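Asks: What follows is a single structure, and I will ask about it in a moment.
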Amino acid sequence: MPDTVPADRVTHSDLANAVRVLAMDAVEQAKSGHPGLPMGAADIATVLFTKFLKYDATDPTWPDRDRFVLSAGHGSMLLYALLHLTGVKGMTIDELKRFRQLDSKTPGHPENFMTPGVETTTGPLGQGIATAVGMALAERMLNAQYGDNLVDHRTYVLASDGDLMEGISQEAIALAGHLKLNRLIVLFDDNGISIDGPLSITDSVDQVKRFQAAGWQAVRVDGHDPKAIGRAIARAQKSDKPTLIACKTVIGFGAPKRAGTSKAHGEPLGAEELTGAKAALGWTHAPFEIPEAIKAAWAKAGKKGRRHSRAWKERLKALPAENRAEFERRIKGVRPKGLDEAVTGLKKRLFAEPQNVATRKASEIALEVITEAVPELVLGSADLTPSNNTKTKNLTAISPGQYAGRYIHYGIREHGMAAAMNGIALHGGLIPAGATFLVFADYARPAMRIAALAGVPAVYVMTHDSIGLGEDGPTHQPVEQLASLRSMPNMRVFRPADAVETAECWQLALERTDGPTLLALTRQNLPQVRKEAVGNFSAPGAYELSPAEGKAQATIFASGSEVEIALAAQKILAEQGFPARVVSVPSLELFLAQPEKVRAKVIGDAKIKVAVEAAVRFGWDAVIGSDGIFVGMSSFGASAPYKDLYKHFGITAEAVAEKILRTHNL
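According to the working numbering, the sequence shown is numbered sequentially starting from 100.
This is how it looks when you write it as C-alpha cells:
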C-alpha cells in the first residue's frame, strides 16, 4: 500500500493484518511464542479497539476507561501489537523486536507491572476472565457510589478455549451471571484448537448453552466478519446481562499449511510459512514495517477516547473539593488517615477490657471500627460468613442489580473469589478482603499467586487455622498451608496471637499497597496476651512478648494460638528456676525480611531455641537453626475436640518445658 493513501481509506483488513504481521514477526525473531491466536483473533480485536473501546492511548490509566483483559495470555503479541499501534507511550517497535527478552516490556505473557496498558497479569488460563469479573463488579459498586458522571465503563475480555475449560471459569461466569454484571462482555476466540490438537479430542461442551445456563446472553458470530462482530458487540452493550460472543475463527489465519491446526498455536511459523502467510494476506513490507497510512489510522483509533477522558476530567474537576479529593484518594490507593487512629483507639479499649476470644472474633471486633475508617474496604466470604466473621453490622450485601453494599457473598467459589478480588483491587477505588478456611487456600492458590506476582493488595481472611478447629478432622485442619504460603514470594502471612495483634495485623494488611496479605485466624478462644504498649509491635514480624527473669537460657518462639502455650511453658520453667523468654512471631517471613541487626536482637543469644506452632516445621529453621527444638506437627491431624488433639500431638506447655530441660541437661 503506498504511503500516500490517506488514513481514512485504510480498510479493516489493513488494520487487522498489521496486528497479525507484527505478531508473526516478533514471534519469529524471538524464536518463541504463540502466533496462532493473534493471527486468528486480529479481526475481533481490531473491531473492538477501533469501533467500541472507550480508551485513550495517551492516558492508559484514565480511571473511567473501558478495561480490556487478554485472558488468553499466551497470545500476548496481540495485545503488544495493539498497544504499539494505538500509541501507548513506551510501547515502541524496538520493544516488539525484543519480545520475550530480558527486561523488555513485551514478556512472554502479559504482566501488569511491566507493560503500560496491560490491565492484569494473565497467562495461567482462566485467571483473566475471572479477574475481569472482579473488575466489572468493582465498576458497578463504584458506580452505585459515584454515579455515571465518574464511573461508567465496560470490561471486555478476549478468552480462549483453554480459559473456558479451566474450572475457575465456571466459578467466575456463575457469579457474574447471578449478579447480572451486564457491563462485562467476553469475546470467545472459538478456534476449536488446543495444543494437543482439535478440541474435539477432549471437549464437547456447547459454550453458548453453558453461558446461557449461567445467566448470560450468548451468541455465535463469524470471527472474521467485522460487521457481524460489531453488531454483536453493539447488542451486548445494551443487554441487561453479561454477554458471551463466541467468535468462530481460524487459528493462524493466513498461514498456508498451519492455519486451523495445533501447529499454529505455540511455536514460530518458520521462514517459509511466514513468507506464505504474508503473501496470502497481501502484505509485502519488510519485517516490523507498517505503512504510514495504517500507522496513522491506528494512531487515530488510539486517540478516539481522548474526548471522553477530557470530558471526564472536567466533570471530576467540577465536583466539590472534598468529594473530588476523596475519589482521587481512593483511585490512587492512598489509605485514609483515620485508619491508624481507629486501630489505636481499639487497642486502648482492649487494654482496658481484655478480650478472651478466637482471633476470628477478634477480627470481627477490629472490622467494626476499621470498616468505618476505611470506606473503600469491601469484605466477602466463600459461603462461610458466620464462620469467618467478616460481615459487620454496618455492611450490607450486594445482590443482583443492587451494588451499593460493601459485602460480597461469593458462594462456594474460593478460586473465583480470589481472582475476582484481584480484579476489584486492580480496578482501583476499592480494597477487597475475602474469606474462607485456611485449608481451602489450596483451592484459591493460583489466583493468590497472581496477586503476589502482580503486587495486588488483596487481603485474605482465613480462619480455622490449625488442628485447633477440632472435630472436623484432618481434611479441614491445615498443617502445611502456613509453610507453603510463607514460601510464596511477596505473600505476607500473619498469624496473630490475640485481639491486640489481630487489630495490628489488620492495620498492616490495609496499609500495604504492593502485594497481598493473609490473616490466619483461630476458631478456638485465646486469652489476650498483650499488655498496654505504644506502637504496632507486629510490624517487624516478631517481638519479645515476655522477657526472662534474669539472663535467658532459652527462647521460645511461637505464633498464633501457640503463644499461649509458650507463655505457659515459660511459667513452668520459671518455677523450676530456669529463665526463658517468649517471642511472638505474627509473621515469620516478614520477620526474616528484617535487617540482620533487628533479627539478631529479637532472636537473642540464648543457647536453646524452640519454635511452637501447630503446623509443620518447614521454615522455622531460619530462626531456631537446624538443631533447634520444634514442637508442632509432622503429620496430618485427626478428628477430636481440639484440647484432646493438642495433647495427642504433644503440643503442650508441659511438652515444651520438658524438651527444653532435657536439652539443657544433655
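By construction, the Cβ of each residue, glycine as well, lies at the ideal position given by its N, Cα and C atoms.
Only a predicted model underlies this, so the values are computations on that prediction, with no experimental measurement involved.
So is Lys-204 buried or exposed if we call it buried at 16+ other beta carbons inside 10 Å?
Replies: Lys-204 comes out buried.
Asks: Whose CA, out of His-407, Pro-355 and Gly-634, lies closest to the CA of Ala-370?
Replies: Closest option to Ala-370, Cα to Cα, is Pro-355.
Asks: Express the C-alpha separation of Ala-551 and Gln-669 in angstroms, rounding to a whole number.
Replies: Those two C-alpha atoms are separated by around 37 Å.
Asks: Under a three-way DSSP split, which group does Gln-627 fall into?
Replies: Coil at Gln-627, not helix or strand.
Asks: Quick check: Leu-169 and Thr-221, are their CB atoms within less than 9 Å of each other?
Replies: Yes, the pair counts as a contact, with Cβ atoms nearer than the cut-off.
Asks: What are the boundary residues of the alpha helix (DSSP H) that Ile-723 is part of?
Replies: 720 to 723 is the extent of the alpha helix (DSSP H) around Ile-723.
Asks: Please report the residue range of the beta strand (DSSP E) in which Thr-536 lies.
Replies: According to the sequence as given, residue 536 is Phe; it is not Thr. Residues 530 to 536.
Asks: How would you write the range of the alpha helix (DSSP H) that Ala-379 sits in, first residue to last?
Replies: It spans 370 to 380 - the alpha helix (DSSP H) in which Ala-379 sits, taken as one unbroken run.
Asks: Kindly indicate which three-state DSSP category Val-662 falls into: helix, strand or coil?
Replies: The answer is helix: DSSP assigns Val-662 an H, G or I state.
Asks: From the DSSP output, in three-state form, read off Leu-672 for me.
Replies: Three-state result, Leu-672: helix.
Asks: Reducing DSSP to helix, strand and coil, say where Ala-363 ends up.
Replies: Correct three-state label for Ala-363: helix.
Asks: Is the stretch 556 to 571 touching the stretch 613 to 623, taking contact as three or more C-beta pairs under 8 Å?
Replies: Touching, per the Cβ criterion.
Asks: Could you give the DSSP three-state label for Asp-289: helix, strand or coil?
Replies: In the structure shown, Asp-289 sits in a strand (DSSP, three-state: E or B).
Asks: Which residues bound the alpha helix (DSSP H) around Arg-426?
Replies: In the sequence under discussion, the amino acid at residue 426 is Phe, which differs from the Arg named in the question. 420 to 431 is the span of the alpha helix (DSSP H), which, as asked, contains Phe-426.
Asks: Contact between the stretch 268 to 283 and the stretch 525 to 532 is defined here as three or more beta-carbon pairs at a separation below 8 Å; is this criterion met?
Replies: With a cut-off of 8 Å, the stretch 525 to 532 and the stretch 268 to 283 do not count as touching, because too few Cβ pairs lie within range.
Asks: Give the DSSP-derived three-state secondary structure of Arg-319 in the structure shown.
Replies: Arg-319 falls in the strand class under three-state DSSP.
Asks: Tell me whether His-173 is buried or exposed, calling it buried when 16 or more other Cβ atoms sit within 10 Å of its Cβ.
Replies: With 16 or more other Cβ atoms within 10 Å, it is buried.
Asks: Would you mind listing the alpha helix (DSSP H) stretches within the stretch 187 to 253 that are 4+ residues and don't spill past its ends, in chain order?
Replies: Listed in chain order, the complete alpha helix (DSSP H) runs (minimum 4 residues) inside the stretch 187 to 253 are 192 to 196 and 226 to 245.
Asks: Within 10 Å of its beta-carbon, does His-763 have 16 or more other beta-carbons around it, so buried, or fewer, so exposed?
Replies: Exposed, since its Cβ has fewer than 16 Cβ neighbours within 10 Å.
Asks: Note down the Cα distance separating Thr-103 from Ala-235, rounded to an integer number of angstroms.
Replies: Note on Thr-103: pLDDT 48, under 50, position unreliable in the model; no value is reported.
Asks: From Val-320 to Tyr-542, what does the alpha carbon distance come to, in whole angstroms?
Replies: Going by the C-alpha atoms only, they are around 35 Å apart.
Asks: Ala-327 to Ile-267, Cα distance in whole Å?
Replies: Rounded to whole angstroms, Ala-327 to Ile-267 spans 29 Å at the Cα level.
Asks: Take Ala-317 and list the residues in its own chain whose beta-carbon comes closer than 6 Å to its own, dropping the five residues that flank it on each side.
Replies: Val-307, Phe-310, Gln-311 and Leu-343.
Asks: Under three-state DSSP, which class holds Val-563?
Replies: In the sequence as displayed, the identity of residue 563 is His instead of Val. Coil at His-563, not helix or strand.
Asks: Closest by CA to Cys-346, which one among Gly-404, Pro-694, Glu-661 and Val-146?
Replies: Out of Gly-404, Pro-694, Glu-661 and Val-146, Val-146 has the C-alpha closest to the C-alpha of Cys-346.
Asks: What is the DSSP secondary structure of Glu-618, counted as helix, strand or coil?
Replies: Before going on, a small fix: residue 618 reads as Leu here, not Glu. Looking at Leu-618 - three-state DSSP - the assignment turns out to be strand.
Asks: Rounded to whole angstroms, what is the Cα-Cα separation between Met-537 and His-384?
Replies: According to the sequence as given, residue 537 is Leu; it is not Met. Answer to the nearest angstrom: the Cα atoms are 56 Å apart.
Asks: Which one or two residues does DSSP pair with Gln-306 in a beta bridge?
Replies: The partner list for Gln-306 (beta bridge, DSSP) is empty, contrary to what the question assumes.
Asks: Please decide whether Gly-432 counts as near chain C, where near means a Cβ-Cβ distance under 9 Å.
Replies: Among the protein chains of the structure shown there is no chain C, as only one such chain exists.
Asks: Excluding sequence positions up to five away, which residues of its chain have a Cβ less than 6 Å from the Cβ of Ser-658?
Replies: Once the five neighbours on either side are set aside, the close Cβ partners of Ser-658 are Arg-594, Val-684 and Glu-712.
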